[in-house]
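Colleague: Numbering (this note's numbering), first residue to last: 437 to 741.
Beta carbons: idealized from backbone N, C-alpha and C, even for Gly.
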């Protein structure tokens with residue numbers, strides 16, 4: 437690991453997502469036996485692997501990885517039907533590991549980024565990856581959470597999901613909101629789509645604004661270095677993707693819930709909305725840990741009842 441893989445002294449979550457996504461996409465191309473630009477459907481429309489879900493779970497937290505670490509990477513690919521691929525990629529060293537689980541579906545873009553349509557690629561008969569005959573749990577849970585998010589339907593009772601041992605209960609509360617304009621320089625991918633690795637980056641901007649403002653209001657003024665982005669690192673993240681957005685569009689980050697688990701870890705649920713039509717494009721469930729003891733006085737108060 438070097439500077440491209442590191443952010444504020446920890447493994448960069450954005451790099452991790454991009455690397456796992458690239459591995460996922462390259463494995464699909466190898467499975468179909470064609471380069472990415474040649475994946476087409478029966479109408480000769482270019483297809484993209486649109487991510488439906490990305491789940492990151494570290495053995496501890498991303499701050500356990502740093503400069504000079506040599507990581508072993510173990511990827512595995514499987515598929516369900518002719519449109520969905522699943523991958524599990526583990527990045528590890530002797531003392532720590534992080535697993536990235538991903539689900540993607542093929543889509544074609546007929547108009548703008550709001551007009552993505554599911555489709556099936558040509559050449560699936562060449563695929564040799566293991567095939568699921570029943571939708572895997574990662575896909576089943578995606579459908580359950582999406583039904584609750586977009587249609588208000590609770591398909592199962594109990595928590596929406598369990599992440600890092602913590603049960604997240606569904607809520608439509610709004611604790612904090614922040615607008616974000618989709619920036620083509622850092623939010624889009626090579627084909628002009630809102631990049632899947634940008635969703636959690638946008639959410640982190642909103643989360644940082646919330647925690648810094650709340651802590652600053654409580655303690656009067658944060659000491660130098662008491663910044664949420666520098667004081668916390670990700671332990672686990674689960675992102676559910678429902679839609680996309682164009683360059684220049686405005687999104688709204690909505691913090692739904694935040695719960696301190698043990699004084700040093702916090703669980704948050706957040707939503708990204710597309711302002712032009714109010715469509716919900718993602719839900720994000722996150723667990724982070726404070727890793728700077730000097731910052732505890734500024735943020736720990738948020739854990740009080």
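#1: Taking only the alpha-carbon atoms, compute the straight-line gap between residue 508 and residue 439 and give it to the nearest angstrom.
#2: Go ahead and pull the three-state DSSP assignment for residue 514.
#3: Considering only the alpha carbon of each residue, which of 691, 697, 512 and 572 lies closest to residue 614?
#4: By alpha-carbon positions, which one of 476, 675 and 479 ends up nearest to residue 598?
#5: Between which two residues does the alpha helix (DSSP H) holding residue 573 run?
#6: Looking at the strands, I want to know which residues DSSP matches up with residue 649.
#7: By alpha-carbon positions, which one of 663, 490, 683 and 459 ends up nearest to residue 648?
#8: Could you tell me the distance, in whole angstroms, from the CA atom of residue 437 to the CA atom of residue 503?
#9: Please report the distance separating the alpha-carbon of residue 666 from that of residue 728.
#10: What did DSSP end up calling residue 452 once you bin it into helix, strand or coil?
#11: What three-state label does DSSP hand residue 674 in the structure shown?
#12: Applying the criterion that 16 or more other CB atoms from any shown protein chain within 10 Å of the CB defines a buried residue, is residue 596 buried or exposed?
#13: For residue 741, name the three-state secondary structure that DSSP assigns.
#14: Which parts of the stretch 467-551 are runs of the beta strand (DSSP E), unbroken and 3 residues or longer, counting only runs that do not cross its ends?
Modeller: Looking at the coordinates:
#1: Along the chain shown, one-based indexing puts residue 508 at 72. Along the chain shown, one-based indexing puts residue 439 at 3. Their backbone Cα atoms lie some 18 Å apart in a straight line.
#2: Along the chain shown, one-based indexing puts residue 514 at 78. Shown here, residue 514 sits in a strand according to DSSP, grouped into three states.
#3: Within the chain shown, numbered from 1, the residue matching residue 614 stands at position 178. With distances taken between CA atoms, residue 614 lies nearest to 691 out of 691, 697, 512 and 572.
#4: Translated into positions along the chain shown, residue 598 becomes position 162. Ranking the options by Cα distance to residue 598, first place goes to 675.
#5: Your numbering for residue 573 matches position 137 in the chain shown. Residue range 573-587 is occupied by the alpha helix (DSSP H) that includes residue 573.
#6: For the purposes of this step, residue 649 is taken as residue 213 along the chain shown, with counting starting at 1. Residue 649 is not bridged to any residue.
#7: Residue 648 sits at position 212 when you count from the first residue of the chain shown. Distance check between residue 648 and each of 663, 490, 683 and 459 places 663 closest, using alpha-carbon atoms only.
#8: Against the chain shown, residue 437 aligns to sequence position 1. Against the chain shown, residue 503 aligns to sequence position 67. One C-alpha to the other measures close to 5 Å.
#9: Working through the chain shown from its first residue, we reach residue 666 at position 230. Working through the chain shown from its first residue, we reach residue 728 at position 292. Residue 728 has its alpha-carbon roughly 8 Å from the corresponding atom of residue 666.
#10: Residue 452 sits at position 16 when you count from the first residue of the chain shown. In the structure shown, residue 452 falls within a helical segment according to DSSP collapsed to helix, strand and coil.
#11: Along the chain shown, read from residue 1 onward, the residue named residue 674 stands at position 238. Strand, per DSSP.
#12: Residue 596 sits at position 160 when you count from the first residue of the chain shown. Result: buried.
#13: Numbered from 1 along the chain shown, position 305 holds the residue referred to as residue 741. Only weak support exists for where residue 741 lies, its pLDDT of 41 falling under 50; the coordinates are left without a value.
#14: Correct list: 483-494, 508-516, 520-529 and 532-545.
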